[in-house]
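Notes follow once the structure below has been shown.
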Amino acid sequence: MTGSERGGGRALLIGNSRWHWAQRQDHDLRVDHGPPEPGRIGNDPPVWAAVGPVPESLMAHQDLRIRLEDVPLPKAPPWLGVDRALGAWMAWRCSQEQQLDCSRGLLLVDAGTVLSLTRVTADGCFGGGQLIPGYRLQLQAMAEGTLGLPSTPEVPNNDALQEVFPQQTVAAMQRGVLEAMLASIAAAQQHAQGLLWICGGDAALLKKHWTGATKLLQLEGDLQLQALLSLGAGLSSGRDR
Numbered sequence: 098m099t100g101s102e103r104g105g106g107r108a109l110l111i112g113n114s115r116w117h118w119a120q121r122q123d124h125d126l127r128v129d130h131g132p133p134e135p136g137r138i139g140n141d142p143p144v145w146a147a148v149g150p151v152p153e154s155l156m157a158h159q160d161l162r163i164r165l166e167d168v169p170l171p172k173a174p175p176w177l178g179v180d181r182a183l184g185a186w187m188a189w190r191c192s193q194e195q196q197l198d199c200s201r202g203l204l205l206v207d208a209g210t211v212l213s214l215t216r217v218t219a220d221g222c223f224g225g226g227q228l229i230p231g232y233r234l235q236l237q238a239m240a241e242g243t244l245g246l247p248s249t250p251e252v253p254n255n256d257a258l259q260e261v262f263p264q265q266t267v268a269a270m271q272r273g274v275l276e277a278m279l280a281s282i283a284a285a286q287q288h289a290q291g292l293l294w295i296c297g298g299d300a301a302l303l304k305k306h307w308t309g310a311t312k313l314l315q316l317e318g319d320l321q322l323q324a325l326l327s328l329g330a331g332l333s334s335g336r337d338r
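So the sequence shown is numbered by our numbering: it starts at 98 and just counts up by one.
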């Protein structure tokens, strides 16, 4: 029995604040993201990985869990988050399959709760990275850490983000955070000099406002879920539960 059959052709990545689902249907991949929904796990659990709290209903299915040691990313240290490893390995694999120029490696930007920058070397090994607060986490920190700054909407105001120097406070906060993220990516990419992959919930936002070179830019929002399904297909039905 293949891992995808055992997982019902489904994958679940439990993130810090949201759950990320994938369903393989023939040659299509359906994905969705939202708050934790343990009821969706059902009687035929998906292949899964976690960096956030794991519900009891999944703890009994360790045979379907993808751990860091299951991800074929050479030189990955034992403390590396499995989500970063999944994304970095899949970005490298996709680059190879698409015959992209990997002579300088790649930099994976995962724009989630945390903005993680993960470097993969030219020989496909983990090459370190950087971690900074993500878009919503930075806005939340400003609102909670000051008396005068307000809470901001969950969804970015695209009209407000068109202004470099907005007059409204919320728009100024949103634009400032966006500029900080873009500057961090640009500085890291200047050092890395290789392919630039962007994934995660805010990937489209970053790509829309990216003003750097686009020749090396690759956008793929769901690399980790693709990696889970791929690795899940190789799980043995005899794994320890």
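Positions of the beta carbon are idealized from the N, C-alpha and C atoms, including for glycine. The model shown is predicted, which means the values in this text are computed figures rather than measured ones.
### Message
According to DSSP, simplified to helix, strand and coil, what is residue 288?
### Response
Locating residue 288 in the sequence shown gives position 191, where the first residue counts as 1. Note: residue 288 maps to helix in three-state DSSP.
### Query
Using CA coordinates, which residue listed in 241, 312, 187 and 242 is at the minimum distance from residue 319?
Mapped onto the sequence shown, residue 319 falls at position 222. Closest option to residue 319, Cα to Cα, is 187.
### Message
According to DSSP, is residue 269 part of a helix, a strand, or is it coil?
### Response
The count along the sequence shown starts at 1 and reaches residue 269 at position 172. Correct three-state label for residue 269: helix.
### For residue 116, the three-state DSSP class (helix, strand or coil)
As a working mapping, residue 116 is identified with position 19 in the sequence shown. It is a strand residue.
### Query
Out of curiosity, what's the CA-to-CA distance linking residue 119 and residue 331?
Reading the sequence shown from its first residue, position 22 is the one you call residue 119. Reading the sequence shown from its first residue, position 234 is the one you call residue 331. Between residue 119 and residue 331, the C-alpha separation is close to 17 Å.
### Task
Would you identify the three-state DSSP class for residue 99, choosing helix, strand or coil?
What you label residue 99 is simply residue 2 of the sequence shown in a count that begins at 1. In this prediction, residue 99 has a pLDDT of 44, which is less than 50 and means its spatial position is unreliable; nothing more can be read from the coordinates.
### Task
Alpha carbon to alpha carbon, how far is residue 247 from residue 121? Give it in angstroms, no decimals.
The residue you call residue 121 lines up with position 24 of the sequence shown. The residue you call residue 247 lines up with position 150 of the sequence shown. Computed Cα separation, rounded: 41 Å.
#### Entry: Distance CB(residue 168)-CB(residue 328) smaller than 9 Å
The count along the sequence shown starts at 1 and reaches residue 168 at position 71. The count along the sequence shown starts at 1 and reaches residue 328 at position 231. Yes, Cβ-Cβ distance for residue 168 and residue 328 is below 9 Å.
### Message
So the candidates are 197, 196 and 165; which of them puts its Cα closest to the Cα of residue 184?
### Response
Residue numbering aside, residue 184 sits at position 87 when the sequence shown is read from its first letter. With distances taken between Cα atoms, residue 184 lies closest to 165.
### Task
Assign residue 264 to one of three DSSP states: helix, strand, or coil.
Here the question's residue 264 lines up with position 167 in the sequence shown. Here residue 264 sits in coil by DSSP.
### Query
If you pair each beta-carbon of the region 294-304 with each one of the region 207-222, do three or more pairs fall below 8 Å?
yes
### Query
Would you report the Cα separation of residue 237 and residue 305, rounded to the nearest angstrom?
Your numbering for residue 237 matches position 140 in the sequence shown. Your numbering for residue 305 matches position 208 in the sequence shown. The straight-line gap from Cα to Cα measures roughly 22 Å.
### Task
Starting from the C-beta of residue 281, find all residues in its chain whose C-beta is less than 8 Å away, skip the five residues before and the five after it, and write them out in chain order.
For the purposes of this step, residue 281 is taken as residue 184 along the sequence shown, with counting starting at 1. 212, 214, 227 and 229.
### Message
In the DSSP output, which residue or residues are listed as bridge partners for residue 213?
### Response
The sequence position of residue 213 within the sequence shown is 116, counting from 1. Answer by DSSP bridge pairing, in chain order: 207 and 228.
### Task
With DSSP collapsed to three states, give me the class of residue 145.
For the purposes of this step, residue 145 is taken as residue 48 along the sequence shown, with counting starting at 1. Strand at residue 145.
### Cα-Cα separation between residue 181 and residue 204, rounded to whole angstroms
Here residue 181 corresponds to residue number 84 of the sequence shown, with the count starting at 1. Here residue 204 corresponds to residue number 107 of the sequence shown, with the count starting at 1. For residue 181 and residue 204, the distance between alpha carbons rounds to 11 Å.
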